[in-house]
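The structure under discussion appears below in the form of structure tokens.
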Amino acid sequence: MNIADLSRGELTNRLKGPGLRWRSGPFSIHLKNSINQFTDYLTLIYGGHPVIEEPWKDIADFHIQLTTNSNYRRFWRPQVFFQLDGVKHLAPFPRDHAPPMFEWGWNFSIAGRANHFLILHNAVIAKGDRAMLLPGIPGSGKSTLCAAMALKGWRLLSDEFALLQPESGLVFPTARPVALKNQSIEIIRDFSKDALLGPDFSKTRKGTVAHMRPPDASIKLMEQPARPTWVVSPSYQEGQSAILEQIPKEHAFLLVAANAFNYETLGDNAFKAVARVVRESTIFNFRYSNLEEAVATLEMMTQNDEAQQKP
Amino acid sequence: MAESKNSGEIFIDVWNEPSIFPTLSIDEQDLFLRIARKAGLLSRFCYILDAAQITETLTTKVQNHLQGARFVAQEDARMLRWEVNRIQRALIETELPLILLKGAAYLMSDLPMAQGRLVADVDILCNKADIAKVEELLSKNGWQGVELEPYDQRYYRDWMHEIPPMRHGERLTEVDVHHAILPKTGRLNPDSELLIRDIVPVKGENNIYTLSRVDMTLHGVVHLFYDSDFDKGLRGLTDMDGLFRHFGKSEIFWQQLIPRAVELNLVRPLYYALQTVADIVATPIPKWVQDEIKVHAPIRPIGWLMTILIQRMMIPNHPEERDFISWLAWFLLFIRSHWLRMPPGLLFKHLTNKWVRKWRFDVRNRRTV
Chain A
42 MNIADLSRGE LTNRLKGPGL RWRSGPFSIH LKNSINQFTD YLTLIYGGHP
92 VIEEPWKDIA DFHIQLTTNS NYRRFWRPQV FFQLDGVKHL APFPRDHAPP
142 MFEWGWNFSI AGRANHFLIL HNAVIAKGDR AMLLPGIPGS GKSTLCAAMA
192 LKGWRLLSDE FALLQPESGL VFPTARPVAL KNQSIEIIRD FSKDALLGPD
242 FSKTRKGTVA HMRPPDASIK LMEQPARPTW VVSPSYQEGQ SAILEQIPKE
292 HAFLLVAANA FNYETLGDNA FKAVARVVRE STIFNFRYSN LEEAVATLEM
342 MTQNDEAQQK P
Chain B
469 MAESKNSGEI FIDVWNEPSI FPTLSIDEQD LFLRIARKAG LLSRFCYILD
519 AAQITETLTT KVQNHLQGAR FVAQEDARML RWEVNRIQRA LIETELPLIL
569 LKGAAYLMSD LPMAQGRLVA DVDILCNKAD IAKVEELLSK NGWQGVELEP
619 YDQRYYRDWM HEIPPMRHGE RLTEVDVHHA ILPKTGRLNP DSELLIRDIV
669 PVKGENNIYT LSRVDMTLHG VVHLFYDSDF DKGLRGLTDM DGLFRHFGKS
719 EIFWQQLIPR AVELNLVRPL YYALQTVADI VATPIPKWVQ DEIKVHAPIR
769 PIGWLMTILI QRMMIPNHPE ERDFISWLAW FLLFIRSHWL RMPPGLLFKH
819 LTNKWVRKWR FDVRNRRTV
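Listed in order, the protein sequences are those of chains A and B.
Each residue of the first sequence is one higher than the one before, starting from 42 at the first, in our numbering.
Each residue of the second sequence is one higher than the one before, starting from 469 at the first, in our numbering.
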């Protein structure tokens with residue numbers, strides 16, 4: 042059963058009572074929430090995610106609670122607080138920004154906790170089990186690009202984290218929504234009529250934010266990891282036609298390693314995992330401005346690559 | 469239906485008998501992991517469960533959490549060894565011994581309890597007369613005193629047993645330089661000279677020392693019962709258990725313990741520590757030691773009250789909520805720890821200053837939200 046299959050009453054009862062449990066890729070989350078507007082967001086954006094009906098089979102990775110003020114601020118400019126295991130983290134947002142607070146808080150929780158993975162600050166998409174990692178600084182367009190690729194039939198793994206398992210070298214999906222910022226919101230709305238976007242949240246730390254629901258096909262395959270095959274470092278430059286430049290492997294190591302949240306924590310495991318990505322992938326710098334052209338360029342590159350692989 | 473256990477009871481049961489962990493329900497395992505993580509003990513448990521050879525029987529998710537915690541602990545240990553090495557280098561031109569306290573001492577002496585034990589900073593001890601020299605050498609080698617408000621500077625310099633933390637400019641790691649193990653203004657004042665006279669070299673290292681095993685244990689005791697850091701109570705408790713279990717294998721340790729506590733004027737905290745570990749985590753303590761320490765018990769009502777407060781404080785009922793009684797216990801112990809730290813007049817001044825500043829900070833914060 043998926044979140045959207047629960048009646049509104051049932052969903053509210055769970056969120057306000059024992060909490061709602063669902064799966065996102067390798068993670069299970071246990072969420073309590075009493076903010077009604079957030080429940081709307083959950084139904085719309087996480088509607089395709091499977092509810093955990095047998096919580097006695099395994100633990101929850103994250104026990105998260107969204108709470109609001111209990112004093113006079115309940116009525117005057119109310120806030121939303123993010124709690125992990127009962128401890129408040131991060132500065133509160135205004136209460137009507139509960140969804141971005143939740144997404145930011147969950148990102149924070151994954152980045153701090155999921156240390157059995159090497160966590161790279163990358164967007165990840167895949168064709169079958171071949172993954173493309175998109176490292177990039179904020180503003181480079183990695184979220185937009187990964188949303189566009191997902192809308193063109195690529196599998197969305199994550200717009201935020203490449204979860205690299207050190208032992209296997211595979212990258213795991215989270216199949217969570219893509220957070221689009223500012224102009225990207227309109228660009229993605231115009232890009233495809235299939236884009237299912239939640240409401241705009243204006244004046245957040247990163248400007249206006251809206252979330253794109255992951256395609257159902259990506260959610261269906263969220264238990265399946267993929268093999269890093271391409272690393273494409275995007276940089277959006279106005280008026281630039283799409284150009285892919287292959288980077289020599291000896292220069293690529295830092296490109297991958299520098300984006301890790303927990304490189305030092307994993308020590309030599311991190312070194313080996315990054316080395317394997319660099320060894321086994323083709324690595325590019327990618328400059329672009331037009332999204333259609335960018336997607337077509339990446340499609341072509343991967344098709345050529347696949348054609349060459351066949352004997 | 470059997471009454472379900474609260475998380476504190478589950479924690480203690482598993483600590484005393486790790487092999488029962490796989491027999492707990494998933495809910496109980498989940499509670500256990502959360503309480504352990506909150507106490508900073510999840511990574512300790514990886515090693516304990518590994519040693520009991522049961523890690524592989526656990527669910528994938530539990531194993532993942534343990535693996536993540538193990539990586540974090542390994543990073544801490546690497547960091548700590550490197551920091552000790554850097555401090556050793558910074559002090560190389562002096563004849564001063566580098567005396568490690570707490571976590572750094574446990575790790576460098578390869579105590580079993582150091583496996584998976586998280587550490588945030590390095591604590592070192594030196595003679596009061598050498599403080600200026602140590603501070604100067606650390607400053608010359610990249611550490612800087614953390615910037616503090618004038619009140620806090622004075623708090624450390626005039627009243628405390630350590631100087632303000634020194635932070636390394638690049639690595640951002642901290643060294644706490646102590647000249648005593650308790651505040652100058654405190655009721656108990658063990659003589660650092662006595663501690664330094666008995667230091668023990670760390671095997672295989674040059675000029676690195678720890679306190680003797682009895683003193684190391686007594687320092688742990690002091691830390692647990694004379695600090696206001698009770699939220700880390702479980703951790704302090706497991707540290708005590710680890711020290712008593714490890715050193716306690718030797719009969720000589722027990723023979724030295726009480727006389728040394730008397731000499732250092734630390735019998736009362738030792739009394740509480742022995743009581744607490746024996747009560748809560750079933751640490752094996754020889755009968756004659758238990759009998760002998762009773763001479764140093766406080767008067768009855770105080771003893772009872774302390775037992776109740778300590779138990780409440782050490783064993784959280786739930787990882788997320790603190791009930792009123794636990795809160796009250798925390799409050800009373802907080803007051804007690806400060807009471808022991810400084811005379812009443814000074815205490816009043818200090819707490820007033822802290823509360824006024826907190827209030828000001830809150831008001832300032834609200835304006836900017």
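We treat Cβ as the ideally placed atom computed from N, Cα and C, and that holds for glycine.
Apply the 10 Å Cβ neighbour rule to V670/B and answer buried if 16 or more other Cβ atoms are within range, or exposed otherwise.
buried
Which residue comes first and which comes last in the alpha helix (DSSP H) that contains I720/B?
E719 to E731
In terms of residue numbering, what span does the beta strand (DSSP E) encompassing E286/A cover?
I284 to Q287
Which residues in the same chain have their Cβ closer than 8 Å to the Cβ of T323/A, if we skip the five residues on either side of it in sequence?
T270, W271, V272, Q287 and D346
I'd like to know if the stretch 328 to 347 of chain A and the stretch 282 to 301 of chain A are in contact, where contact means that at least 3 CB-CB pairs between them fall below 8 Å.
yes
Taking 8 Å as the CB-CB limit, is A314/A close to chain B?
no
Provide the residue span of the beta strand (DSSP E) that contains D666/B, from first to last.
Unbroken run through D666/B: none, as it is neither H nor E.
How would you list, in chain order, the residues of chain B whose beta-carbon sits under 7 Å from the beta-carbon of T306/A?
F539, V540 and E543
If you check the beta carbons only, do F213/A and Q224/A fall under 8 Å apart?
no
Please tell me whether, using a cut-off of 7 Å, the distance from the CB of L650/B to the nearest non-hydrogen atom of the ligand FAD is below it.
Looking for the ligand FAD in the displayed structure turns up nothing, as the structure carries no ligands at all.
What does the Cβ neighbour count give for F122/A, buried or exposed, with the cut at 16 atoms within 10 Å?
buried
Which listed residue (G180/A, G194/A and W117/A) has its alpha carbon closest to that of E201/A
G180/A
Would you report the Cα separation of A164/A and W195/A, rounded to the nearest angstrom?
12 Å
Thinking C-beta only, is S243/A closer than 8 Å to N326/A?
no
Leaving out the 5 sequence neighbours to the left and right, which residues in its chain are closer than 6 Å to E642/B when beta-carbon positions are compared?
D589, P633 and R635
Applying the 10 Å Cβ sphere with the 16-neighbour rule, what's the burial state of T751/B?
buried
Which stretch, first to last residue, makes up the alpha helix (DSSP H) that contains T80/A?
N77 to I86
Distance check for G710/B and P769/B, CA to CA, integer angstroms please.
29 Å
E279/A, buried or exposed, once every other Cβ within 10 Å from all chains shown has been counted against 16
exposed
Given 8 Å, three or more beta-carbon pairs between the stretch 747 to 766 of chain B and the stretch 721 to 733 of chain B
yes
CB T706/B to CB R512/B, shorter than 8 Å?
yes
Is N833/B helix, strand or coil by DSSP?
Bear in mind that the predicted position of N833/B carries a pLDDT of just 41, short of 50, making it unreliable; the figure below should be weighed with that in mind. Three-state result, N833/B: helix.
Give the secondary structure of D591/B by DSSP, where H, G and I count as helix, E and B as strand, and everything else as coil.
strand
List the residues of chain B whose Cβ lies closer than 9 Å to the Cβ of F97/A, in chain order.
The amino acid at residue 97/A is misidentified as Phe; the sequence shows Trp. S493, I494 and D495, listed in chain order.
Please work out which residues of its chain come closer than 7 Å, Cβ to Cβ, to L47/A, disregarding the five sequence neighbours upstream and downstream, and give them in chain order.
V92
Quick one: give me the first and last residue of the alpha helix (DSSP H) that A301/A is part of.
Segment: none, A301/A is in no alpha helix (DSSP H) and carries neither H nor E.
Check whether E603/B and I631/B have beta carbons under 8 Å apart:
yes
To the nearest angstrom, how far is it from the Cα of R320/A to the Cα of P67/A?
26 Å
Run through chain B and tell me which residues come within less than 8 Å of H138/A, C-beta to C-beta.
The contacting residues do not exist; H138/A stays about 13 Å from chain B at best.
Using 8 Å as the limit for Cβ to Cβ distance, is H90/A near chain B?
no
Applying a beta-carbon distance threshold of less than 7 Å, which residues of chain B neighbour A101/A?
D498
Could you give the residue range of the beta strand (DSSP E) that holds S243/A?
F242 to T245
Pick helix, strand or coil for G536/B, following the three-state DSSP scheme.
helix
Name the residue from T820/B, D598/B and Y740/B whose alpha carbon lies nearest to the alpha carbon of I776/B.
Y740/B
7 Å Cβ cut-off: residues of chain B touching D200/A:
Near D200/A there are no residues of chain B at all, since even the closest Cβ is about 22 Å away, more than 7 Å.
Closest Cβ-Cβ distance between Q724/B and chain A: below 8 Å?
no
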